[in-house]
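Novice: Take this structure, written in structure tokens, and hold onto it; I'll ask about it next.
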Amino acid sequence: MTKKSRGRILLVTGGAGFIGSNFIRYWLARHPADEILNLDKLTYAGNLDNLKDVSSDRRYSFIRGDIADREAVEEVYRRKPDVVVNFAAETHVDRSIGNPDDFIRTDVWGTYVLLEAARTQGVECFIQISTDEVYGSVEEGCSREDSPLLPRNPYSASKAGADRLAYSYHATYRLPVIITRASNNFGPNQYPEKVIPLFVTNALDDQPLPLYGDGLNVRDWLYVEDHCRAVELLIDKGVPGEVYNIGGDNPLTNRELTFRILDYLGKPRELIRHVRDREGHDRRYALDSGKLEALGWSPGRDFEKQLHRTIDWYHDNRWWWEKIKSGEFKAYYREQYGKR
Ligand code: NAD
Ligand code: TYD
Numbered sequence: 014m015t016k017k018s019r020g021r022i023l024l025v026t027g028g029a030g031f032i033g034s035n036f037i038r039y040w041l042a043r044h045p046a047d048e049i050l051n052l053d054k055l056t057y058a059g060n061l062d063n064l065k066d067v068s069s070d071r072r073y074s075f076i077r078g079d080i081a082d083r084e085a086v087e088e089v090y091r092r093k094p095d096v097v098v099n100f101a102a103e104t105h106v107d108r109s110i111g112n113p114d115d116f117i118r119t120d121v122w123g124t125y126v127l128l129e130a131a132r133t134q135g136v137e138c139f140i141q142i143s144t145d146e147v148y149g150s151v152e153e154g155c156s157r158e159d160s161p162l163l164p165r166n167p168y169s170a171s172k173a174g175a176d177r178l179a180y181s182y183h184a185t186y187r188l189p190v191i192i193t194r195a196s197n198n199f200g201p202n203q204y205p206e207k208v209i210p211l212f213v214t215n216a217l218d219d220q221p222l223p224l225y226g227d228g229l230n231v232r233d234w235l236y237v238e239d240h241c242r243a244v245e246l247l248i249d250k251g252v253p254g255e256v257y258n259i260g261g262d263n264p265l266t267n268r269e270l271t272f273r274i275l276d277y278l279g280k281p282r283e284l285i286r287h288v289r290d291r292e293g294h295d296r297r298y299a300l301d302s303g304k305l306e307a308l309g310w311s312p313g314r315d316f317e318k319q320l321h322r323t324i325d326w327y328h329d330n331r332w333w334w335e336k337i338k339s340g341e342f343k344a345y346y347r348e349q350y351g352k353r
């Protein structure tokens, strides 16, 4: 039996997190012959509730393990994945400022361990999920894939390290690595430390929304399913060794984003609390996604609809986030908010 007729095996790391779980659901629905191995350490951000609906699918298996643990990774590679998609990372900038250790360990060392195993085992494609934050703050214009990398916080610096390490495995060992740099994602199942789920769930509970600094920092918002569609396209059409930006083409100041959330929920603007800014807060991110668009991808055009769909999801799924907000998150948030 050829690989094609038996379908492919995808190793998805960090699949219990926000984007990884959306990606697994997306992939299983569209690729009936494929199998997915989800390797996730289940840190505070990993949540098997995100995958409840696919957990009994015969094509899906969950392996609890750390990407920085060589033995655990080698064990999973024995199942001979054809494609690796590395989503696993420590991802929250504010946490990286307080405690960078886990960021270096997982985002840099963990990526190294995965790359080494891929080199030994051989894979058809290794997708390294990087981020637009590796370009640093972009005062004007848009970052292209050949723009300099100027990360300014431990999260973005560790992601930049992993991004270039992955590239080095292509340049040096010809490993078929493709690197993606997406802008800020939003959608269902995002851990409520990130601004959209935090502000939506706080507003639903009539709690204050802590807006950092002057609220004029700009982020470009990408709906998570558009991100999944881009990764799917790159697995088949991406050129090894290349980097692809994935931008949502929805730039908004945090203030404007906050107004839209409150207006949609019919909540008063008095819920906004201006709080002390994040240290080293990047002012603006902006991507030129022309290279990916030339392969036939474009982001969804109706941002307002995607935002409303996302807000509705948090409104309708209190069971999902109330558990989180009354658990680990509670102490973290109290500490963060106390600092401001
Ligand atoms: P997330 O924090 O929601 O999930 C991360 C997942 O990785 C969790 O399930 C966690 O348990 C797992 N994990 C962490 N350390 C691990 C380890 N050592 N071994 C195995 N698993 C581990 O993150 P997310 O928002 O879904 O981001 C996924 C990826 O996309 C990250 O690489 C991130 O840098 C990148 N990215 C995110 C965004 C965004 O806006 N969220 C934008 C661009 C790129
Ligand atoms: P975040 O969701 O943490 O993503 P990132 O820092 O990776 O872009 O933050 C998005 C923006 O929202 C960022 O400019 C910081 C701001 N922000 C707030 O104003 N208040 C908050 O409580 C949080 C978490 C973020």
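Numbering (the working numbering), first residue to last: 14 to 353. A virtual CB, placed ideally from N, CA and C, is assigned to each residue, including glycine. A quick note: this is a predicted structure, and the numbers were derived from the prediction, not measured.
#1: Classify V256 as helix, strand or coil using the three-state DSSP reduction.
#2: From the DSSP output, which residues share a beta bridge with A195?
#3: How long is the line joining the alpha carbons of E292 and G313, rounded to whole angstroms?
#4: As a quick exercise: from P164, A243, L284 and P281, pick the residue whose alpha carbon is nearest that of Y148.
#5: Tell me the rounded alpha-carbon separation between T119 and E84.
#6: Put S169 into one of helix, strand or coil per three-state DSSP.
#7: In this structure, what does DSSP give as the bridge partners for H287?
#8: Buried or exposed, going by whether 16 or more other CB atoms sit within 10 Å of the CB of N35?
#9: Given the structure, does K338 come close to the ligand TYD, in the sense that its CB is under 8 Å from one of the ligand's heavy atoms?
#10: Short of 6 Å in beta carbon distance, which residues of its chain neighbour K54, apart from the five on each side in sequence? Order them along the chain.
#11: Rounded to whole angstroms, what is the Cα-Cα separation between S181 and H105?
#12: What residues are listed by DSSP as bridge partners for W122?
#13: Use the C-beta contact count for T133: other C-beta atoms within 10 angstroms, 16 or more gives buried, fewer gives exposed.
#14: Exposed or buried, D233, counting other C-beta atoms within 10 Å across all chains shown (16 or more means buried)?
#15: Is it right to say A101 is buried, meaning 16 or more other beta carbons lie within 10 angstroms of its own, or is it exposed?
#16: Check for me: the alpha helix (DSSP H) holding F75 runs from which residue to which?
#17: Just tell me which of Y298, G303, S339 and L23 has its CA closest to the CA of W40.
#18: Among the residues of its own chain, which have a CB less than 7 Å from the CB of M14, if the five just before and after it don't count?
#19: Could you say if the region 190-199 and the region 234-241 meet the contact criterion of at least three C-beta pairs nearer than 8 Å?
#20: Just to check my reading of the structure: N51 and G28 have Cβ atoms closer than 8 Å, yes? What is that Cβ distance to the nearest angstrom?
#21: Whose C-alpha, out of L235, V126, V136 and N258, is nearest the C-alpha of E317?
#22: In the DSSP output, what is D53 paired with across the bridge?
#23: Are there 16 or more other CB atoms within 10 angstroms of the CB of N112, so buried, or fewer, so exposed?
#24: Along the beta strand (DSSP E) that carries N99, what are the first and last residues, could you check?
#25: Would you mind reading off the limits of the beta strand (DSSP E) that contains R92?
#26: State yes or no: is the C-beta of P264 nearer than 8 Å to some heavy atom of the ligand TYD?
#27: Using the Cβ count rule (16 or more neighbours within 10 Å means buried), how would you classify Y186?
#28: Run the proximity test for L162: is its beta-carbon closer than 8 Å to any non-hydrogen atom belonging to the ligand NAD?
#29: What first and last residue would you give for the beta strand (DSSP E) that runs through W310?
#30: What is the residue span of the beta strand (DSSP E) that D219 lies within?
#31: Leaving out five residues on either side along the sequence, give the residues of the same chain with a beta carbon under 7 Å from the beta carbon of V151.
Specialist: On the basis of the supplied data:
#1: Translated into positions along the sequence shown, residue 256 becomes position 243. Looking at V256 - three-state DSSP - the assignment turns out to be strand.
#2: Mapped onto the sequence shown, residue 195 falls at position 182. Paired residues: T144 and I259.
#3: Residue numbering aside, residue 292 sits at position 279 when the sequence shown is read from its first letter. Residue numbering aside, residue 313 sits at position 300 when the sequence shown is read from its first letter. E292 and G313 have their alpha carbons spaced roughly 33 Å apart.
#4: For this step, residue 148 is matched to residue 135 along the sequence shown. The shortest Cα separation from Y148 among P164, A243, L284 and P281 belongs to P164.
#5: Here residue 119 is taken as the residue at index 106 of the sequence shown, counted from 1. Here residue 84 is taken as the residue at index 71 of the sequence shown, counted from 1. When only Cα atoms are considered, T119 and E84 end up about 15 Å apart.
#6: Stepping through the sequence shown from its first residue, residue 169 is reached at position 156. Helix, per DSSP.
#7: Residue 287 sits at position 274 when you count from the first residue of the sequence shown. DSSP, once it has assigned bridges, lists L224 as partnering H287.
#8: Residue mapping note: residue 35 aligns to position 22 of the sequence shown, counting from 1. Buried: at least 16 other Cβ atoms inside 10 Å.
#9: Numbered from its first residue, the sequence shown carries residue 338 at position 325. Result no, Cβ not under 8 Å from the ligand TYD.
#10: The sequence position of residue 54 within the sequence shown is 41, counting from 1. Once the five neighbours on either side are set aside, the close Cβ partners of K54 are D79.
#11: Residue 181 sits at position 168 when you count from the first residue of the sequence shown. Residue 105 sits at position 92 when you count from the first residue of the sequence shown. So the alpha carbons of these two residues sit roughly 26 Å apart.
#12: Here residue 122 refers to the residue found at position 109 when the sequence shown is read from its first residue. According to DSSP, W122 bridges with nothing at all.
#13: Along the sequence shown, read from residue 1 onward, the residue named residue 133 stands at position 120. Per the 10 Å Cβ criterion, exposed.
#14: Here residue 233 is taken as the residue at index 220 of the sequence shown, counted from 1. When all chains shown are included, D233 counts as buried.
#15: Your numbering for residue 101 matches position 88 in the sequence shown. If you draw a 10 Å sphere on the C-beta of A101, you find 16 or more other C-beta atoms in it, and that means buried.
#16: Counting from 1 along the sequence shown, the entry for residue 75 is found at position 62. First-last for F75: Y73 to R77, but that is the beta strand (DSSP E), not the alpha helix (DSSP H).
#17: Numbered from 1 along the sequence shown, position 27 holds the residue referred to as residue 40. Nearest to W40 by alpha-carbon distance, out of Y298, G303, S339 and L23, is L23.
#18: If you number the sequence shown from 1, residue 14 lands on position 1. Legend: pLDDT at M14 = 42, less than 50; position of this residue unreliable, value from coordinates given subsequently. Same-chain partners within the cutoff: there are none.
#19: With the cut-off at 8 Å, the region 190-199 and the region 234-241 touch.
#20: Counted from its first residue, the sequence shown places residue 51 at position 38. Counted from its first residue, the sequence shown places residue 28 at position 15. Confirmed, Cβ separation roughly 3 Å.
#21: Counting from 1 along the sequence shown, the entry for residue 317 is found at position 304. Looking at the Cα atoms, L235 is the closest of the given residues.
#22: Taking the first residue of the sequence shown as position 1, residue 53 is located at position 40. DSSP, once it has assigned bridges, lists R77 as partnering D53.
#23: Here residue 112 is taken as the residue at index 99 of the sequence shown, counted from 1. Exposed, because fewer than 16 other Cβ atoms sit within 10 Å of the Cβ of N112.
#24: Within the sequence shown, residue 99 is the residue found at index 86, counting from 1. Counting along the chain, the beta strand (DSSP E) containing N99 begins and ends at V96 to N99.
#25: Taking the first residue of the sequence shown as position 1, residue 92 is located at position 79. Secondary structure note for R92: it is in no beta strand (DSSP E), with a DSSP letter that is neither H nor E.
#26: Taking the first residue of the sequence shown as 1, we reach residue 264 at position 251. No, the Cβ of P264 stays beyond 8 Å of every heavy atom of the ligand TYD.
#27: As a first step, residue 186 is located in the sequence shown; it is residue number 173 there, counting from the start. Under this definition Y186 is an exposed residue.
#28: Translated into positions along the sequence shown, residue 162 becomes position 149. No, the ligand NAD has no heavy atom inside 8 Å of this Cβ.
#29: Against the sequence shown, residue 310 aligns to sequence position 297. W310 -> no beta strand (DSSP E), and no H or E assigned at all.
#30: Against the sequence shown, residue 219 aligns to sequence position 206. Boundaries for D219: no beta strand (DSSP E) harbours it, and the DSSP string shows neither H nor E there.
#31: Stepping through the sequence shown from its first residue, residue 151 is reached at position 138. Once the five neighbours on either side are set aside, the close Cβ partners of V151 are R297, Y298 and A299.
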